[in-house]
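Student: Pasting in a structure now, in structure tokens, and then I'll have a few things to ask.
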Amino acid sequence: MGSGKKMWTVALLATAVLVITAACGGEGTDGKIKLRFSYWGTDARQKMTEEAIKRFEAKNPNIDVVGEFSGFGSYYETLATKVAGEDAPDVITIEIRGLREYAERGTLADLSSRVNTADIDGKVLATGAIDGKQFAIPTGVNAWSLVVDPKAIESVGQKLPDDTRWTWEEYIDLAAKITAGAGGKVYGTQQAFNPAFLQIFAAQRGERFYDGNKIGVSPNTLKAWWAIHRKLAKTKGSPDIAKSVELGAQNADRSLFATGNGAMGMWWSNELGAISKASGGKVMELLRMPKVQGASAGGMFLQPAMFYTASAKSEHAAEAAKFIDFMINDPEAGRIILSDRGLPASSKVLAAVQDKLSETDRKTLAFLGEIKGELTDPPAAPPKLASAMEGILKRYTDEVLFGRMTPDDAARKFITEANASIAG
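In structure tokens, the structure reads:
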């Protein structure tokens with residue numbers, strides 16, 4: 000999901016400079032139309048996806064859907080190789096950060112009017128559109144949020160913050176008090192380095208992560224963001240820098256929550272269930288992100304967990320669109336997949352599956368409903384080659400946090416390199 004923490008592969012960037020065509024689809028020996036569908040995830044996701052595919056095939060006996068599944072780590076490298084070799088799957092799962100790259104090189108089909116999108120929020124749907132063409136349909140939504148363990152906070156004599164008004168200074172202070180109160184056995188918070196965090200922080204300061212085809216974040220905002228990380232480590236509100244960076248590369252099942260050593264952390268809202276499970280079933284809550292003092296906007300936003308797209312060269316365009324429509328709009332598919340790809344983007348499907356959602360998912364749904372009126376518009380698909388951005392940001396963040404580069408130097412060099420990367 001989108002968990003967004005992992006870096007894209009060099010192979011994707013290498014193929015991005017190619018003019019790509021793809022031939023796909025075909026017919027099986029039994030005369031059925033064969034559709035190839037690529038996606039990533041866990042074993043649990045593969046199992047539920049295969050079940051949804053069986054339901055689709057039962058409704059469409061002339062179509063066989065072949066799932067091309069992999070773990071996230073190898074997904075984009077494999078996809079890039081297939082696309083470059085003119086062997087793209089008919090239906091392709093993709094994240095927002097690579098959408099423009101694939102769409103603008105002619106890899107993806109325009110799904111406008113081919114898939115029913117009437118029940119998807121217009122602003123969320125617009126994240127899958129480029130130059131008026133709907134290349135991607137969002138599967139579901141989530142928001143980058145603060146996750147807290149209320150018992151861990153209250154057990155050391157601290158109170159849950161009023162998240163409608165708390166500041167970064169108060170967050171840092173609370174984290175330090177929790178660690179001190181627990182005698183260092185529980186840390187106040189686990190640090191996060193996801194660009195979504197910086198995007199929210201920048202929005203609170205009136206800036207965008209991307210301003211057209213350039214980085215919109217100022218050097219001062221970068222330095223202030225790095226200062227939060229440094230102060231958390233210095234006041235022991237979080238583990239030290241080395242441990243924090245190590246934890247930042249891990250999934251929820253390796254987090255401080257999973258080992259019982261953390262009270263707060265930042266994650267995508269659809270990861271709440273996985274975090275709760277990893278913690279041994281502890282009751283977790285979602286909170287609004289802290290704010291810059293005096294900020295007029297909180298900066299939080301809904302983002303599609305992922306998208307379904309179709310190959311522009313598929314020999315079975317109608318069937319590919321039909322499968323996407325089923326996965327997005329059919330309550331049967333919704334009842335199988337539930338929140339695995341974000342809370343369903345279709346309001347009708349969400350209503351149909353609400354009674355089947357876990358208690359954690361219902362909590363997430365209630366939280367997103369509560370903050371809906373405060374949210375910033377979802378970001379548009381980032382510039383081409385922006386898939387390298389996470390790696391560039393991580394590199395300069397590490398340089399600052401480990402003291403190998405001054406914040407001034409790092410901020411200037413990050414913006415220069417990031418803009419050069421986007422420009423290609």
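In this text, residue positions in the sequence shown follow numbering that gives the first Met the number 0: the first is 0, and each later residue adds one. Don't be surprised by glycine CBs; every beta carbon is placed ideally from N, CA and C.
Check A22 in the structure and name its three-state DSSP category.
Tutor: Here A22 scores only 41 on pLDDT, less than 50, and its place in the model should not be relied on; the value that follows carries that caveat. Reduced to three states, the DSSP call for A22 is coil.
Student: How close, in whole Å, do the beta carbons of Y307 and I136 come, if the pair is a contact with beta carbons under 8 Å?
Tutor: 5 Å
Student: Once you ignore the five residues that flank G447 on each side, which residues in its own chain have a CB closer than 7 Å to its CB?
Tutor: With the chain covering 0 to 423 only, the question about residue 447 has no answer from this structure.
Student: Using the DSSP secondary-structure output, state which residues sit across from R35 in a beta bridge.
Tutor: V65
Student: Let me make sure I understand the geometry here. Which of A175, I62, V147 has the alpha-carbon closest to that of K235?
Tutor: Per the Cα distances, A175.
Student: In this structure, does DSSP put K222 in helix, strand or coil?
Tutor: helix
Student: Which value, in whole angstroms, describes the spacing of the CA atoms of S313 and E284?
Tutor: 44 Å
Student: Could you have a look at A181 and say whether DSSP puts it in helix, strand or coil?
Tutor: coil
Student: Taking all protein chains shown into account, decide if G272 is buried (16 or more other Cβ within 10 angstroms of its Cβ) or exposed.
Tutor: With 16 or more Cβ atoms within 10 Å of its Cβ, G272 is classed as buried.
Student: Assuming P299 and W143 make a contact with CB atoms under 8 Å, what is their CB distance in whole Å?
Tutor: In the sequence under discussion, the amino acid at residue 299 is Met, which differs from the Pro named in the question. Correct: roughly 7 Å between the Cβ atoms.
Student: Under 8 Å, do P194 and M404 count as touching if we go by C-beta distance?
Tutor: no
Student: Under DSSP, the beta strand (DSSP E) around F300 begins and ends at which residues?
Tutor: It is not in any beta strand (DSSP E) - F300 carries neither H nor E in the DSSP assignment.
Student: Is there contact between the stretch 196-203 and the stretch 218-226, where contact requires at least three CB pairs shorter than 8 Å?
Tutor: A contact exists between the stretch 196-203 and the stretch 218-226.
Student: In its own chain, which residues sit with a C-beta less than 7 Å from the C-beta of S357, not counting the 5 before and 5 after it?
Tutor: G272
Student: Taking Y101 as the reference, which of A311, V282, D252, G297 has the closest Cα?
Tutor: Nearest Cα to Y101 within the set A311, V282, D252, G297: A311.
Student: Classify N328 as buried or exposed, calling it buried when 16 or more other Cβ atoms lie within 10 Å of its own Cβ.
Tutor: buried
Student: How should L145 be labelled, buried or exposed, when 16 other C-beta atoms within 10 angstroms of its C-beta is the threshold for buried?
Tutor: buried
Student: Going by beta carbon distance, what residues of the same chain come within less than 7 Å of G180, once the five residues before and after it are set aside?
Tutor: V155, G156, Q157
Student: With T80 and W39 assumed to form a contact (beta carbons below 8 Å), what rounded beta-carbon distance in angstroms separates them?
Tutor: Rounded, the Cβ-Cβ distance is 15 Å, inconsistent with contact.
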